[in-house]
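Visitor: If you scroll down you'll find the structure; I have some questions about it.
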Amino acid sequence: MNLETLSLVNFKNFSQVELELSPRINCFVGDNGVGKTNILDAIHYLCLCKSYFNPIDTQNITHDEEFSVIQGEFLLDGIKNEIYCSIQRNKNKVFKRNKKEYDRLAHHIGLLPVVMISPEDSVLITEGSDERRKFLNSVISQYDKVYLDDNIAYNKLLAQRNKFLKNIQGSWHYDRDMLEVYNEKLVVPGKRIHHTRTVFTKKLVPIFRSYYNKIAPDMEAVDLKYHSQLEQVDFLELLVQSVEKDIIMQYTTTGIHKDDIILKLNGHHMKKTASQGQQKTFLVSLKLAQFDFIREMNKVRPILLLDDVFDKFDESRVRQIIKIVTDSHFGQIFITHTDEQKMRSILDDMNTEFKIFNIAHKDITSI
Amino acid sequence: MYFTYSSKQLEDAVREFSKLPGIGTKTALRLVLHLLKENRESLDHFGNTILRLGTHIRYCKDCMNICDDELCPVCADKRRDHSIICIVENVKDVMIIENTRQYRGVYHVLGGIISPMDGIGPADLNIDSLEARIKRGNIRELILALSATMEGDTTNYYLYRRLSKSIPVISTLARGVSIGDELEFIDEVTLGRSILNRVPFEMNK
Ligand SMILES: [Zn+2]
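Here the protein sequences line up with chains A and G, keeping their order. The working numbering puts the first residue of the first sequence at 1, with every later residue one more than the last. The working numbering puts the first residue of the second sequence at 368, with every later residue one more than the last.
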């Protein structure tokens, strides 16, 4: 699968852009702040119906403009697919495939798998568990429709149950039947999500470790472990046990919305002990493992977006990573970098077709 | 949109119309101006009809449907099967099912579905009156005919928990392939369910 052309109107800092892309490596170079990342984000939009960075759609429209349009022509199994996305202030986002509008955006997820590697990924290590759950969801949803639907259902039920708990503290009387209905209904998607996450992490770990050791050959041991309250106790049991507590806290205190992934390096927590370089290598390996996993499950090579990844790496690691992703195992790749000469010299050594685009003053030229 | 009105009566009428769902000030103004073109007699008739909504409409004491007497026409009809109750969300749903001319039982209008997010809990629905109806006896089946949404499903589930001990049969609408559907256009969930809950083949059905 690859993106052949990309066109933007009023997307972030670009008022109008038309690009013809290489099926292999596309490199966007330019100074900091010229909007290199925005190009990758536009591609992310077309694949997953949303920005990787900013969940508020209208904030991605060029300042002072009313609307924004992103269009791309993807080649999928040899067939052209036109994807169209428009964002308008005070209106719903419109998403079309071959001129036909989707009734639900969820139907598009998984058609065009994508993996983004960005400096923002450091939140996976530094921030709370919701970032790591978001990661799990974004990977698994790209190949498992049931998982995606289960998540939507689970979150809706959870919101209703939480609101019900709040209302008990307010004016509503405590209706035991009602709470039990929510318990029993949550358990169905909850258990399936738990099972899917367990299988996913188990399969991901060896791939992840092998990437880590390819990039950092100094034999450090990395580990990634799925942690869920559902591992020890049956979910329904958990909910029943925590009813009293939930009523006091006014929200649901147990469930898969409390899941986490524990990230470790040489037996210690990543967040506490790992250096910047180790953390970066860890994240890149994790994302490359994600790529392999989606490729395996979806039978399509995802598009790989490498945003400013090489910033804190020394040149040998940069070469190593580029060497890995230019292997025929990977498909179409988009890279941003500040230094054109450096990129060119590395890419010249790899035996792959590539295109370099220079971004300056809101214009993009192929060089 | 803000208008400067030449008449207080006009302004009041426009304000009332624009309270209706889907009607903005502009449309409201057009409707009111249209009514003013009518002759006096039909304007009176229009107004009186609205007035009677407040004074004459009642709720059926059995099923909570909207009616003019103590009982709605369905509940008052001796030829209908009063041992089967079909539970619906609102009055509109009664009309839709009646239109099919396939159902010979009676109804119970819940007046909504459970959704704490929208401020609707079990106590806000006509469930106590349903329970009382069942206690009076002679009910052999409940049909849960709520929307196939998460909230509809939750409400079905809740009713089942509360009522299943006092009712021999609780059924729900069949969910599956619509008549005239081509397989490739059916969503996966519906199709999956239709295969799991398949039915014996019958000729001429
Ligand atoms: Zn009635």
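Note that CB positions come from ideal geometry on N, CA and C, so glycine has one too.
Quick one: grab the DSSP three-state call for Lys572 (chain G).
Guide: Residue placement at Lys572 (chain G) cannot be trusted, given a pLDDT of 49 that sits under 50; the coordinates are not used to answer.
Visitor: Under 9 Å between the Cβ atoms of Thr336 (chain A) and Phe74 (chain A)?
Guide: It is not a contact, given that the beta carbons lie outside the stated cut-off.
Visitor: Does DSSP classify Ala42 (chain A) as helix, strand or coil?
Guide: In the structure shown, Ala42 (chain A) sits in a helix (DSSP, three-state: H, G or I).
Visitor: Counting only beta-carbon atoms, is Tyr251 (chain A) nearer than 9 Å to chain G?
Guide: Judged by the 9 Å Cβ criterion, Tyr251 (chain A) is not in contact with chain G.
Visitor: At a CB-CB cut-off below 8 Å, which residues of chain G make contact with His173 (chain A)?
Guide: In chain order: Ala490.
Visitor: Are the Cβ atoms of Glu518 (chain G) and Lys145 (chain A) separated by less than 9 Å?
Guide: Contact: no.
Visitor: So, is the C-beta of Thr392 (chain G) closer than 9 Å to a C-beta in chain A?
Guide: Output row for Thr392 (chain G): interface = no.
Visitor: In terms of DSSP beta bridges, what is Asp260 (chain A) paired with?
Guide: According to DSSP, Asp260 (chain A) bridges with A:His227.
Visitor: Name the chain A residues that come within less than 8 Å of Thr521 (chain G), Cβ to Cβ?
Guide: Correct list: Leu157, Gln160, Val181, Tyr182, Lys185.
Visitor: What did DSSP end up calling Thr5 (chain A) once you bin it into helix, strand or coil?
Guide: It is a strand residue.
Visitor: Measuring alpha carbon to alpha carbon, tell me which of G:Glu508, G:Leu513, G:Asn493 ends up nearest Ile463 (chain G).
Guide: Per the Cα distances, G:Leu513.
Visitor: For ligand 1, is there a heavy atom less than 8 Å away from the beta-carbon of Asn493 (chain G)?
Guide: Not under cutoff, so the answer is no.
Visitor: Helix or strand or just coil, what does DSSP make of Gly92 (chain A)?
Guide: Checking the sequence shown, residue 92 (chain A) turns out to be Asn, not Gly. Reduced to three states, the DSSP call for Asn92 (chain A) is coil.
Visitor: Got a sec, what are the start and stop residues for the alpha helix (DSSP H) Lys287 (chain A) sits in?
Guide: From DSSP, the alpha helix (DSSP H) with Lys287 (chain A) extends over 276–298.
Visitor: Nearest chain A C-beta to Ile481 (chain G) closer than 9 Å, yes or no?
Guide: For Ile481 (chain G), the answer is yes, since a Cβ of chain A falls inside 9 Å of its Cβ.
Visitor: Step through the CB atoms of chain G and report whether any lies within less than 9 Å of the CB of Phe95 (chain A).
Guide: Answer no: the Cβ-Cβ gap between Phe95 (chain A) and chain G never drops below 9 Å.
Visitor: According to DSSP, Thr365 (chain A) sits in a beta bridge with which residue or residues?
Guide: A:Asn358, per the DSSP bridge assignment.
Visitor: When we look at the beta-carbon of Gln368 (chain A) and count the other beta-carbons within 10 Å, is it buried (16 or more) or exposed?
Guide: Nothing can be reported for residue 368 (chain A): it is not among the residues displayed for chain A, which extend from 1 to 367.
Visitor: Give the secondary structure of Ser545 (chain G) by DSSP, where H, G and I count as helix, E and B as strand, and everything else as coil.
Guide: In the structure shown, Ser545 (chain G) sits in coil (DSSP, three-state: anything other than H, G, I, E or B).
Visitor: Val17 (chain A) lies in the beta strand (DSSP E); which residues open and close that run?
Guide: Where Val17 (chain A) is concerned, the enclosing beta strand (DSSP E) stretches over 14–20.
Visitor: Can you tell me whether DSSP reads Cys47 (chain A) as helix, strand or coil?
Guide: Three-state result, Cys47 (chain A): helix.
Visitor: For the stretch 527–548 of chain G, enumerate the residues whose C-beta is nearer than 8 Å to any C-beta of chain D, in chain order.
Guide: Reference to chain D is not applicable here, since the protein chains of this structure are A and G.
Visitor: Whose Cβ in chain A lies nearer than 7 Å to the Cβ of Glu594 (chain G)?
Guide: Residue 594 (chain G) is absent from the model: chain G starts at 368 and stops at 572.
Visitor: Hey, would you say Ile207 (chain A) sits closer than 9 Å to Ala289 (chain A), going by beta carbons?
Guide: Against a cut-off of 9 Å, the Cβ pair of Ala289 (chain A) and Ile207 (chain A) comes out as a contact.
Visitor: Does Thr352 (chain A) come out as helix, strand or coil in the three-state DSSP assignment?
Guide: Here Thr352 (chain A) sits in coil by DSSP.
Visitor: Just the chain G side, please: which residues come within less than 9 Å of Asn298 (chain A) by C-beta, in chain order?
Guide: Ordered by position in chain G, no residue passes the 9 Å Cβ test against Asn298 (chain A), which lies about 16 Å from the chain.
Visitor: Under 8 Å, CB to CB, which of the residues in the stretch 500–518 of chain G have a partner in chain A?
Guide: Listed by position along the chain: Met517, Glu518.
Visitor: Among the candidates A:Thr5, A:Asn38, A:Arg24, A:His63, whose CA atom is the shortest distance from the CA of Asp307 (chain A)?
Guide: Checked all of A:Thr5, A:Asn38, A:Arg24, A:His63; the closest Cα to Asp307 (chain A) is A:Asn38.
Visitor: So, do the stretch 256–271 of chain A and the stretch 126–136 of chain A have three or more beta carbon pairs nearer to each other than 8 Å?
Guide: Yes: the two stretches touch, three or more of their Cβ pairs being nearer than 8 Å.
Visitor: Any chance the CB of Asn432 (chain G) is under 8 Å from a heavy atom of ligand 1?
Guide: The answer is yes for Asn432 (chain G).
Visitor: Quick one: grab the DSSP three-state call for Asn477 (chain G).
Guide: Position check: residue 477 (chain G) holds Leu in this sequence, whereas Asn was assumed. Leu477 (chain G) falls in the coil class under three-state DSSP.
Visitor: Would you kindly report the start and end of the unbroken alpha helix (DSSP H) that includes Ser561 (chain G)?
Guide: Note, Ser561 (chain G): alpha helix (DSSP H), 555–563.
Visitor: Counting only beta-carbon atoms, is Gln376 (chain G) nearer than 9 Å to chain A?
Guide: Judged by the 9 Å Cβ criterion, Gln376 (chain G) is not in contact with chain A.
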